[in-house]
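So the protein sequences, as listed, match chains R and W. Each residue of the first sequence is one higher than the one before, starting from 7 at the first, in this note's numbering. Each residue of the second sequence is one higher than the one before, starting from 131 at the first, in this note's numbering. Inspection log for the structure reproduced underneath, given as C-alpha cells.
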Amino acid sequence: MTLPPYADLLGITPEPGDGAPVLAMPFGADVIGRPGFVHGGALAGLLEMAAIVALKHALETEGRSDTRIKPINVTVDFMRGGREKVTRAQGHVSRLGTRIANVETIAWQDDRDRPVAAARLNFLLATD
Amino acid sequence: MDPAPFPFDPAAFFAALPAGHGRRLGVRYDSHGSDWCQLILPWREDLVGDPARGVIASGPIVALLDMATSVGVWMKRGGFLPHATLDLRVDYLRPATPGREVVGRGECYRVTRSVAFVRGIAHDGDPDDPVAHVAGTFMFTGVPA
C-alpha cells in the first residue's frame, strides 16, 4: 500500500493485519494543536486517510482496483482530546455501491471503545 | 461568572505560531473582522493527497478551516477563551487547483452560553467559486454547562 505525501507529513504508517488497514499516527511536533494535544486537523486527516485505505481495500476485494475515488464530504466528531501518544484509526465501508461509497471511521488511543474522534465520509466512485 | 476573554491578535499569533500542526502546514494569517478570520494554506508538495494530479489532500483543508473558524469564534467573543471543536462537516465542492494556495475563511455566526456555531469556505482565488464549504460547532471548555 502506498500512501500519499500528506500521510508521510502526518507520520502515518499502516499496521499489519487482515481487513481494512489500521493506520497509526505518532504524537510529535508536526501534529500538535494546543500544547499536549493532537491538532483536530491532524485527527481529521488521519480519519480521512483511514477511510480512503478502507475503501481501496474494499474495492480491491471486489476486483475494482481501477476505480477512482473522489471525496464528496466528511463529518468529523471530536469526542476526547488526543493526548501525547500514538493515535490509531480504521475505516469501515458501510455501503459500497457502483457510484457512491459510505465509509465510517474511528480514531482511538489506548482503548478502541473510547474513541478520540470519529468521521463519516461519502465518496464518489468513477471508472473513467 | 464567566472568565474574561484574553486579548487576541490573530496577525501576531500566526506570525509567531509555535511548533505544531499549523506551522507544519505553513498556515499564515490573511485578514480578520469582528466575527471572522481568513487564513492561507500554501500549496506544497508534501500536502498532496493525489500524486497523479498534484491535488492537495482534503485533510489540510479541514485543518485550515478548523483553525479559521476557531479564530472566528475568538473574534466574535472578543478574545481568546478556551474551547474545543465539537464537530466539523466539510463539503468538497471541487478539487483545489494544483500550485495554488488555498484561502480559508471562517465565520462565527452564533454564540450561546456553551456552544459557538461556525461556517466558512475555502477557495483558491475566487471566493465565488469555492473548493470547500464548512459548518461546525465549538464547545466552550472551562465553563459549567
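Think of the CB as a built atom: it goes at the ideal place given N, C-alpha and C, for glycine as much as any other residue. Nothing here was measured: the structure is a model prediction, and the numbers come from that model.
Query raised in the report: How would you write the range of the alpha helix (DSSP H) that L49/R sits in, first residue to last?
Result: Counting from 1 along the first sequence, the entry for residue 49/R is found at position 43. Where L49/R is concerned, the enclosing alpha helix (DSSP H) stretches over G46 to T67.
Report task. Give the straight-line distance between the Cα atoms of E68/R and R101/R, rounded to the nearest whole angstrom. Result -> To locate residue 68/R, count along the first sequence from 1; it is residue 62. To locate residue 101/R, count along the first sequence from 1; it is residue 95. Distance between the alpha carbons of E68/R and R101/R is about 13 Å.
Query raised in the report: Which one or two residues does DSSP pair with S161/W in a beta bridge?
Result: What you label residue 161/W is simply residue 31 of the second sequence in a count that begins at 1. As computed with DSSP, S161/W is found in a beta bridge with Q168/W.
Query raised in the report: Got a sec: which bits of the stretch 206-225 of chain W sit with their beta carbon under 7 Å from any beta carbon on chain R, in order along the chain?
Result: Answer set for the stretch 206-225 of chain W: A214, T215, L216, D217, L218, R219, V220, D221 and Y222.
Query raised in the report: Along chain W, in chain order, which residues have C-beta atoms closer than 7 Å to that of W35/R?
Result: Here residue 35/R is taken as the residue at index 29 of the first sequence, counted from 1. Note on identity: in this sequence residue 35/R is Ala, with Trp being the wrong assignment. Simply A149 and G150.
Query raised in the report: Are the CB atoms of P41/R and V28/R nearer to each other than 9 Å?
Result: Here the question's residue 41/R lines up with position 35 in the first sequence. Here the question's residue 28/R lines up with position 22 in the first sequence. No Cβ-Cβ contact shorter than 9 Å links P41/R with V28/R.
Query raised in the report: So, P172/W versus G189/W, is the Cβ gap smaller than 9 Å?
Result: Taking the second sequence and counting its residues from 1, the one referred to as residue 172/W is at position 42. Taking the second sequence and counting its residues from 1, the one referred to as residue 189/W is at position 59. G189/W is positioned such that its CB atom lies no closer than 9 Å to that of P172/W.
Query - Local Cβ density within 10 Å of E175/W, reported as buried at 16 or more and exposed below that - result: Position 45 of the second sequence, counted from the first residue, corresponds to residue 175/W. Answer is exposed; the Cβ neighbour count stays below 16.
Report task. Take D83/R and list the residues in its own chain whose beta-carbon comes closer than 6 Å to its own, dropping the five residues that flank it on each side. Result -> Walking along the first sequence from the start, residue 83/R turns up at place 77. Same-chain partners within the cutoff: A124.
Query - Ranges of the beta strand (DSSP E) found wholly within the stretch 80-131 of chain R, counting only runs of at least 3 - result: Restricted to the stretch 80-131 of chain R, the beta strand (DSSP E) segments that are unbroken, complete and at least 3 residues in length are 93-102 and 106-114, listed in chain order.
**Report entry** Any 3 or more C-beta pairs closer than 8 Å across the stretch 216-230 of chain W and the stretch 86-96 of chain R
**Finding:** With a cut-off of 8 Å, the stretch 86-96 of chain R and the stretch 216-230 of chain W do not count as touching, because too few Cβ pairs lie within range.
Query - C-beta neighbour in chain R for D259/W, strict 9 Å - result: In the second sequence, residue 259/W corresponds to position 129, counting from 1. No - not a single Cβ of chain R is within 9 Å of the one on D259/W.
Query raised in the report: Does any C-beta atom of chain W lie closer than 9 Å to the C-beta of T19/R?
Result: Here residue 19/R refers to the residue found at position 13 of the first sequence. No - not a single Cβ of chain W is within 9 Å of the one on T19/R.
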